[in-house]
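**Q** Read in order, the letters of the sequence shown correspond to residues 26 to 623 in the working numbering.
We put the CB at the ideal spot given by N, CA and C, even for glycine.
The structure presented is a predicted model; accordingly, all values stated were derived computationally and were not measured.
Supplied in structure tokens, the structure appears directly below.
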Amino acid sequence: MNKCAFCFSVAPPGGLAGEDLRHAPPWFWSLIGLWLLLFWSLPARAENPPIQDTDKVVLTARDIKARQVRSVQELLNLVPGVKAGDSSVSIRGSYKVRVLLDGLALNDPGTTTVKLSLISIQDLEKVEIYKGGGGVNFGDDSSGGAVVFTTKRLNQANFFAETAGGSQDTVQTKFNLSGRVDAWGLGASGEYKKTQGYRVNGDKEEKRLGARFSYRPEFWGPGREPTLSLEYGHVDKGFAGYPQYPTPNSRGIDETVAGSFNWELGGLKSGSFFTRFEQERWDTDKGTHTLLRTTSLKQTFSRTWEVWGLKGLNTGLDAESILGEGSDLEKRWESSLGVFMSKNFQLDPLPLTLGLGLRGNFYTDFGNVLNPEADLSYSLGAHRFKLAFAKSSNLPSFRQRYFRYSSLEPNPGLGMENAINFTFSISSKWSKMLSSDVSMFYRKITDRITYVRLVGGVGQYQNFGSTRLQGMETAFDFKPLKWLSFRPSYTYLEAKDTQTGLWLSAKPRHKIKADLKVTPLDQLSLGLFFTYESMCYTRSDNTETADPYFKVDLRAEYRLPKFTLFVSWKNLLDEEYLYGDGLPAPPSNWLVGISCEF
């Protein structure tokens, strides 16, 4: 049966091949019915409109502190539809997510990894998460969305330190220091972790060092002063292979040097960025030693105009040139130019808002593309409805094309992938204690870049003809009492290769999260975090799977004026399970520690 591309293209749970609403099990309809019952029966409060829609999540410094998390990865993993690892971020099944730190891209063009090690959670002022779009404003590699981190200004002196110990002989220490003298700001952070691990070479020793430097004179007025900042990150760790192909002596170093200079004058905003990413890997057992380095120079200009009777016309231009070099790659320059504009229209007298955007990207090594975006929002009391469309492009990295390692074969002919996203979402504020979001999404990707495991533990990145990711995401925020909050969410995702009918690897069909927080005392807080993931395939040929699992994490804090005692217990029930890539996940492990802040 032919289906339109969007029709709220949510294939509900059934058998692996089930794509018809008639095959949906009763509990799926119960979930839809529960949401509709809430929509029609609960009195929506028009005086308390939704602050944000489900496709954009904003977390302030206060929200971050309330989440009781100890890392950026833990923070992102609490957001419905978002999954973060040590060097990756995915949104609704897509790893093509643009990650920015004060305007500086943390996506390494050489390796496709995200340098989250540059971010210290104590420095964050705000986090903005855009789901399923953003190619017009954020450029390439944002078909899944974008995550924008904004750090606090380096003002008064601040010191944070934490030390902890726990199971698997784990010892962990980290610090963060920042301060300012006149217009000069300085920040430094570091972390040391040593553990016996749960796998061969399970990161027995990991070291991270970071530094921030800023110069922010105020002669142009508050909020408009030019800002110069420098960032440095260094990570030294081990890399465990698959259990059947262990790599006990495989280690590596990731090093990042980045700088930015931002200024605004006469409505024109400028950003100049420099990044240097270096990845080094060696394995003495296999006699391999590889190095990959990328150097990027990027310039952006943007301005909001009032021309031809149009107010709030946002325009911009960005140009980037990247140099890649390494053990198996001679010096290679690649450049791109992007031009974009966007505008929101208020369709009075109706409570309708129309957003339009268009970006043109021009490349020296790939075909030129034109990517549009459009969204339509309608407000009805305390409910907000939004329909959005976006087209975006994703580029293959130098590592995917030219890097050779013990578990990777190069593919110089790897090409660009293109994505089309449709989203329909509803955000509702039922009362001061209850809000909800529901979103249905459809994403079609042509020439998708996928890692394919070959034989002997070696793989290669290849372009698949066409893939489809579609599903539904719903979340509730319920706070019936001042000391009690409950945030359940459910994500249904169908991810298939449309030519072969095979499911994409590392994409579970069902994922349920529930966060329960209890604060019986002002100084004491307890948090339980539940996660369920259904079966998923760990290979692109669908010959190997990871079984479904249910995991419970526990966090507890007792706060004193300058000190905090904490307990973190992950995988409380000691569930045995695999990650989506087939690697084993850690067993039950706990940490007990103390932190101080001055």
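Would you verify that the beta carbon of N287 is, or is not, closer than 9 Å to some beta carbon of chain D?
**A** The structure shown contains no chain D; it is built from a single protein chain.
**Q** Quick check on L494: buried or exposed, where buried means 16 or more other Cβ atoms within 10 Å of its Cβ?
**A** So L494 counts as buried.
**Q** Using the beta-carbon count (16 or more within 10 Å), is V124 buried or exposed?
**A** By the 10 Å Cβ count, V124 comes out buried.
**Q** Per DSSP, what kind of secondary structure is K229 in: helix, strand or coil?
**A** Coil at K229, not helix or strand.
**Q** Nearest CA to the CA of L553: which residue from D547, D540, T544, P545?
**A** Closest option to L553, Cα to Cα, is D540.
**Q** CA-CA distance, D279 and I470?
**A** Going by the C-alpha atoms only, they are around 30 Å apart.
**Q** Nearest to A610 by alpha carbon, out of L590, K576, I619, L103?
**A** Measuring from the Cα of A610, the nearest candidate turns out to be K576.
**Q** Within this structure, are the beta carbons of G135 and G349 separated by less than 9 Å?
**A** Contact: yes.
**Q** Please check the pair I474 and Q425, which I expect to be a contact at CB under 8 Å, by giving their CB distance rounded to whole angstroms.
**A** Correct: roughly 7 Å between the Cβ atoms.
**Q** In whole angstroms, what separates the C-alpha of W358 from that of S275?
**A** Rounded to the nearest angstrom, the two C-alpha atoms are 30 Å apart.
**Q** Straight-line CA distance for G106 to Q98?
**A** Distance between the alpha carbons of G106 and Q98: 14 Å.
**Q** In three-state terms, what does DSSP make of N393?
**A** Three-state result, N393: coil.
**Q** So if DSSP puts G263 in a beta bridge, which residue, or which two residues, is it bridged to?
**A** Per DSSP, R276.
**Q** Rounded to whole angstroms, what is the Cα-Cα separation between F447 and V82?
**A** Roughly 18 Å separates the two Cα atoms.
**Q** Using 8 Å for Cβ pairs, my map puts D166 next to N419. What's the rounded Cβ distance?
**A** Right, the Cβ-Cβ distance comes to about 5 Å (below 8 Å), so this counts as a contact.
**Q** Quick one: residues in its chain with C-beta nearer than 6 Å to the C-beta of G169, no 5 flanking neighbours on either side, listed in chain order?
**A** Only I116, S119, K121, V122 meet the Cβ criterion.
**Q** Is it true that the CB of T138 sits closer than 9 Å to the CB of S96?
**A** Contact flag unset, no.
**Q** Within the chosen definition, does the stretch 476-490 reach the stretch 506-517 through at least 3 CB pairs nearer than 8 Å?
**A** In short, these stretches do not touch, since the Cβ pair count stays below three.
**Q** Exposed or buried, which one is L202 when buried takes at least 16 other CB atoms within 10 Å?
**A** Classification for L202: buried.
**Q** Output needed for V196: all residues of its chain with C-beta closer than 6 Å, excluding positions within five of it in sequence on either side, in chain order.
**A** The residues are G190, K219.
**Q** Beta-carbon within less than 6 Å of W503's beta-carbon, same chain only, minus the 5 sequence neighbours each way: which residues are those?
**A** Looking at the sequence shown, residue 503 is not Trp but Phe. Same-chain partners within the cutoff: L459, F511.
**Q** For G291, name the three-state secondary structure that DSSP assigns.
**A** Three-state result, G291: coil.
**Q** According to DSSP, is F701 helix, strand or coil?
**A** Residue 701 lies beyond the range of the chain shown here (26 to 623); nothing can be said about it.
**Q** Quick one: what does DSSP say D148 is sitting in, helix, strand or coil?
**A** Residue state, collapsed to three classes: helix.
**Q** At which residue ranges does the stretch 298-377 contain complete beta strand (DSSP E) runs of 3 or more residues, listed in the order of the chain?
**A** Within the stretch 298-377, the complete beta strand (DSSP E) runs of at least 3 residues are 313-332, 335-351, 354-371.
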